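Chains as they are written, first to last, in the numbering used here: chain R, 1 to 316; chain U, 317 to 632; chain P, 633 to 948; chain W, 949 to 1264.
For reference, the structure discussed in these notes is given below.
Protein chains: 4
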Amino acid sequence: MAKAGAFSRSTAGVYAIAPTPFLEDGAVDYVSLDRLIEFYNESGVDGLTVLGQLGEAPKLSAEEAVRIATRFVERTTFPIIVGASAPGFAAMQALTAAVMDAGAAGVMIAPPVSLRTDDQIVGYYAGASAAIGAETPFVIQDYPLTFSVVMTPQVIRRIALENDNALMLKHEDWPGLEKITTLRGYEADGSMPRLSILCGNGGLFLDFETERGADGAMTGYCFPEMLVDTVALAAAGNRDAAHDLFDAHLPLIRYEQQPGIGLAVRKYVFARRGVLASAAQRSPSGRMTETTKAEVDYLLERLSHHDPRAKMSREH
Amino acid sequence: MAKAGAFSRSTAGVYAIAPTPFLEDGAVDYVSLDRLIEFYNESGVDGLTVLGQLGEAPKLSAEEAVRIATRFVERTTFPIIVGASAPGFAAMQALTAAVMDAGAAGVMIAPPVSLRTDDQIVGYYAGASAAIGAETPFVIQDYPLTFSVVMTPQVIRRIALENDNALMLKHEDWPGLEKITTLRGYEADGSMPRLSILCGNGGLFLDFETERGADGAMTGYCFPEMLVDTVALAAAGNRDAAHDLFDAHLPLIRYEQQPGIGLAVRKYVFARRGVLASAAQRSPSGRMTETTKAEVDYLLERLSHHDPRAKMSREH
Amino acid sequence: MAKAGAFSRSTAGVYAIAPTPFLEDGAVDYVSLDRLIEFYNESGVDGLTVLGQLGEAPKLSAEEAVRIATRFVERTTFPIIVGASAPGFAAMQALTAAVMDAGAAGVMIAPPVSLRTDDQIVGYYAGASAAIGAETPFVIQDYPLTFSVVMTPQVIRRIALENDNALMLKHEDWPGLEKITTLRGYEADGSMPRLSILCGNGGLFLDFETERGADGAMTGYCFPEMLVDTVALAAAGNRDAAHDLFDAHLPLIRYEQQPGIGLAVRKYVFARRGVLASAAQRSPSGRMTETTKAEVDYLLERLSHHDPRAKMSREH
Amino acid sequence: MAKAGAFSRSTAGVYAIAPTPFLEDGAVDYVSLDRLIEFYNESGVDGLTVLGQLGEAPKLSAEEAVRIATRFVERTTFPIIVGASAPGFAAMQALTAAVMDAGAAGVMIAPPVSLRTDDQIVGYYAGASAAIGAETPFVIQDYPLTFSVVMTPQVIRRIALENDNALMLKHEDWPGLEKITTLRGYEADGSMPRLSILCGNGGLFLDFETERGADGAMTGYCFPEMLVDTVALAAAGNRDAAHDLFDAHLPLIRYEQQPGIGLAVRKYVFARRGVLASAAQRSPSGRMTETTKAEVDYLLERLSHHDPRAKMSREH
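As structure tokens, then:
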């Protein structure tokens, strides 16, 4: 029972990575979750990816994960991709079956940190593809900074050739601009089927990634509207305007991309924007000091001179 | 509802690491499981650790994990320790609650591979201890070869001092003999509460580990009876006899300890011994070629000259 | 025979990380080297660090390393710090003796990637300090992104307490703002001697690092003049102006900080600025495509609207 | 000026890995070095590999390295292979030129720990081969346990196909038996030129490695005579006798193979055998306690019942 509007090899635009709201005591905050979904519905994004690393998926029980993913599916009209990375195929299979049954558009799979060789990576995706079933579309997550697994363009090509349900690449290699160029070259010379390429990495290189041939962004930056506008400006050939908008946000993008506390910053801004009731994360979590908060406030204040959406309407 | 015979800080002897039997199609083989439990009941071991790495725990769904652990608890009279390592505390908590409710004696927790500094490791165990609850005894698993997390003796001391429910150390650092000596020294000088130290690492150094002060073994070698006898001989001060028995098994111990295919070898021997119906592992798994099987057969044949238990009674 | 103007625990300002110029055939380009030194002499920097990772030090023979370091010492009046990280203490000792004899102000030492525990790191610096001699000042390089060695503030404090010749910290942990605050707190409460803290990491967080208590920058960004001005504006309490200048450069800073091709970008800009004859690196090196060059040119063109020093005076 | 008796693609037998003798104060012990060389000349080995990891090569200055390698060349009649792994190609080139000029038979090159993908590894060896020169034979060192670089058989085939001077593989993958079988299969089907395969890893699997097609051993076990005899017995088809001898040594082989203190054990036994004046290592080094020494003495005493060469003729 897939929802209308599944993603495909030609999907373009912005898929926001959604955080999972928690109350201060660590319980899932379903009230904020509904408000967050409403926020995304109005933000202009083309889809959502939920239960990723930055959705604190590994901290959820299996039941919570399915319940949250289902909530996203039920209250949106665009495709929902669910992070299904797991230590073993049994857990991956169980979660995938549950969320696909609930109407998810597909799943995202990151490689386990233990993989090293090209063959190990290709073999892993073959096993994962079999585990989730050939009818389930999936996204390859290529994030060496976090997972320590380096996929060359050739490896991605092999995965795409071997698995018809590999439709999209979440690209967050670093550096990664040439990788986009190489992959688009493979498609042009006919040696690889097209993949939708949406870029993560906090958006830090989005300005050039779209110019290299990426279809858009898949990241959780606290102003998804900016991602939408930047991708649209670039798609319209409005290069300088795309960079102008992007550059205005770059100091905050850069600040939010710090490992460990980046998610805290993101949730803090969502709280200041009135979307989340609290910036709380489930334990273990990066702490945010008063100095950090003041730095983010300063960045927001500076940003508001360029982008009125950064003007905070209420005290915190 | 804990079963009589919980483990404690002074537990000595052998806790076998139990494999999980699978059918060739990947389903759990509950018939072999019951036969395996019967085998352990007659083997002389003092307890079992189930759902560890070599129990293929990450390949099980949450439901399977609880069902298998419960089966072990119900059909044995000695303590059952359950591997509860998980990517997040929510899953760890859920599994722990279920198996403790079913009568398990405690859980074993390995550190996630991302930990680096002393404080990170100590902090992680504080969080894990809180997640499983102060009333749940746990085993610290110290296995740097697999987890890349190096715990100094001081770090283990800090964990033991901070968490009253840390009762046992599964010691499998490599090299690790001096570590046992250092930890026993901490206990002697009163700076650390006693931990039961059971040694893993496939048993490769068991002959000297007991002499250094370890209380016994916690490993899954395919002849747990040998572990029982070696620990008993060492405890009785029968040094040469302990080494003689151990040395006779060492060629096979060494062969079984190979990462990747070690579990395949172990299951193959259990199958040859008539305990498991099949050596099958759930995917992904190390493959065992005919040459490998012939090498194991040769090692068993050589071993049988020293230890009649290695005489295989039936063709395979 | 140390040159006047050694660095100290209170050194503030900018120490640029100098690249090593090569000809297209891989030979050291001493003509460009002299021009580079002249450039630094006029740039306003307070010192230089040479033969670091981004100085391609591991690609130099021992003789080349000493000759290049000596050239820097002879043609400048400010302190020269020499990267002396080496696989073993014998090579570290030999290089240190040679460059200190030539008039270097001290050496910089990064930890080998194999270190894991707090004690291993502290022990390594004790050995390194003994190898270079107590009279040789050294800089602790804390760069976990590259070296995979994570030093907590407590570890840095232990190193500072145990080694009187540890005078400076090259701070490039990521995230690292709280680390600066914590270290300055240790100094304030008297539990740690003061260290000069100069920040690396390509300058990506320099705007806030100075506000947290860092003394300045030690990095190789292709416009060291901007580093000098930003640190000076921050020191003068001119917060908004410091951020304005920094933000104008941030798109290029971000682009230059990409691992693998960052140095290629840096050398390319130095070549466009007329300082280096060529952007060549000694093999193995990151390649820079025409598209990459065009992207850097675009970034320079945009930057020149805010900072006239980015206006390129001649075609390339 | 190469010495007669260079190694080749068909070299078989034992190349011992030679330790570097030091005095207690850390200076090279040239008296023991000469005695060690004499010992090897009488041991039956077919060649030596010097300045490897276990020769403490990274702790030597460039001058010491060349002097020691030259001494080995001058005082032996069999081929000397020199470890030339270095952080950069310049140092590799300099050392290689010096030792080849002195009469070495070739060099051994391990991959830097930073390599991950198949292409990176193949590319690295292409660069290394160019650096040392096409006329210099080299040995590929495949040791993932220490270097974290995993080479598939296909990668080794690519290196062998691309570099005519790649003549030998030091095989120490773990597990690695199937790898030998696969590589010999490539040779049999004509897809790869033959490599001499000598096995390291402390000799822990030598009994089966020869049966899989390895040409012999390249390791530093403290009884190289046993390696010589085992390889000869296996080559003569005397399977049981080869295993009997090997198994008698296995408790000590296993003990010596512990990372960190293995070299200390090896030097201790060489000292007890009267070859080295001292077991001293250059700092930093693994420490050997009195308990460890007593354990080695016990192992030697037990071994002497099976192999009279383990009978220690003098007190220590």
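Glycine residues also receive a C-beta, built at the ideal position from the N, C-alpha and C atoms.
Here the structure is a predicted model, which means the values were calculated and not measured.
Exposure of residue i, with buried meaning 16 or more beta-carbon neighbours within 10 Å
{"i": "residue 430 of chain U", "result": "exposed"}
{"i": "residue 1059 of chain W", "result": "buried"}
{"i": "residue 1083 of chain W", "result": "exposed"}
{"i": "residue 603 of chain U", "result": "exposed"}
{"i": "residue 495 of chain U", "result": "buried"}
{"i": "residue 310 of chain R", "result": "buried"}
{"i": "residue 195 of chain R", "result": "buried"}
{"i": "residue 933 of chain P", "result": "exposed"}
{"i": "residue 96 of chain R", "result": "buried"}
{"i": "residue 186 of chain R", "result": "buried"}
{"i": "residue 650 of chain P", "result": "buried"}
{"i": "residue 122 of chain R", "result": "buried"}
{"i": "residue 663 of chain P", "result": "exposed"}
{"i": "residue 249 of chain R", "result": "buried"}
{"i": "residue 1093 of chain W", "result": "exposed"}
{"i": "residue 1114 of chain W", "result": "buried"}
Under the three-state DSSP convention, the category residue i falls into
{"i": "residue 845 of chain P", "result": "coil"}
{"i": "residue 1144 of chain W", "result": "strand"}
{"i": "residue 738 of chain P", "result": "strand"}
{"i": "residue 415 of chain U", "result": "helix"}
{"i": "residue 1097 of chain W", "result": "coil"}
{"i": "residue 547 of chain U", "result": "helix"}
{"i": "residue 694 of chain P", "result": "helix"}
{"i": "residue 955 of chain W", "result": "coil"}
{"i": "residue 837 of chain P", "result": "coil"}
{"i": "residue 275 of chain R", "result": "coil"}
{"i": "residue 406 of chain U", "result": "helix"}
{"i": "residue 130 of chain R", "result": "helix"}
{"i": "residue 552 of chain U", "result": "coil"}
{"i": "residue 160 of chain R", "result": "helix"}
{"i": "residue 798 of chain P", "result": "strand"}
Contact set between residue i and chain R, taken where Cβ atoms lie within less than 7 Å
{"i": "residue 405 of chain U", "result": "59, 283"}
{"i": "residue 1098 of chain W", "result": "116, 117"}
Bridge-paired residues (DSSP) for residue i
{"i": "residue 1119 of chain W", "result": "W:1090, W:1147"}
{"i": "residue 48 of chain R", "result": "R:16, R:80"}
{"i": "residue 535 of chain U", "result": "U:332"}
{"i": "residue 1258 of chain W", "result": "Answer is none; residue 1258 of chain W lacks a bridge partner."}
{"i": "residue 1194 of chain W", "result": "Residue 1194 of chain W pairs with nothing; no bridge assigned."}
{"i": "residue 654 of chain P", "result": "P:660"}
Span of the alpha helix (DSSP H), counted from its first residue to its last, around residue i
{"i": "residue 180 of chain R", "result": "177 to 188"}
{"i": "residue 1215 of chain W", "result": "1210 to 1220"}
{"i": "residue 115 of chain R", "result": "No alpha helix (DSSP H) contains residue 115 of chain R, which DSSP labels as neither H nor E."}
{"i": "residue 1239 of chain W", "result": "1238 to 1252"}
{"i": "residue 980 of chain W", "result": "978 to 991"}
Where residue i meets chain U, residues with beta-carbon distance less than 8 Å
{"i": "residue 1238 of chain W", "result": "By Cβ distance, chain U contributes nothing, its closest Cβ being about 11 Å from residue 1238 of chain W, past 8 Å."}
{"i": "residue 1208 of chain W", "result": "491"}
Per-residue contacts from residue i into chain R (C-beta, under 8 Å)
{"i": "residue 443 of chain U", "result": "283, 284"}
Neighbour list for residue i in chain P, Cβ cutoff strictly below 8 Å
{"i": "residue 146 of chain R", "result": "The contacting residues do not exist; residue 146 of chain R stays about 12 Å from chain P at best."}
Amino acids of chain U, ordered along the chain, whose beta-carbon sits closer than 7 Å to that of residue i
{"i": "residue 1156 of chain W", "result": "611"}
{"i": "residue 113 of chain R", "result": "429"}
Contact list for residue i against chain P, beta-carbon separation under 7 Å
{"i": "residue 13 of chain R", "result": "In chain order: nothing, as chain P lies at least about 23 Å away."}
Neighbouring residues, chain U, relative to residue i (Cβ below 9 Å)
{"i": "residue 94 of chain R", "result": "377, 378, 379"}
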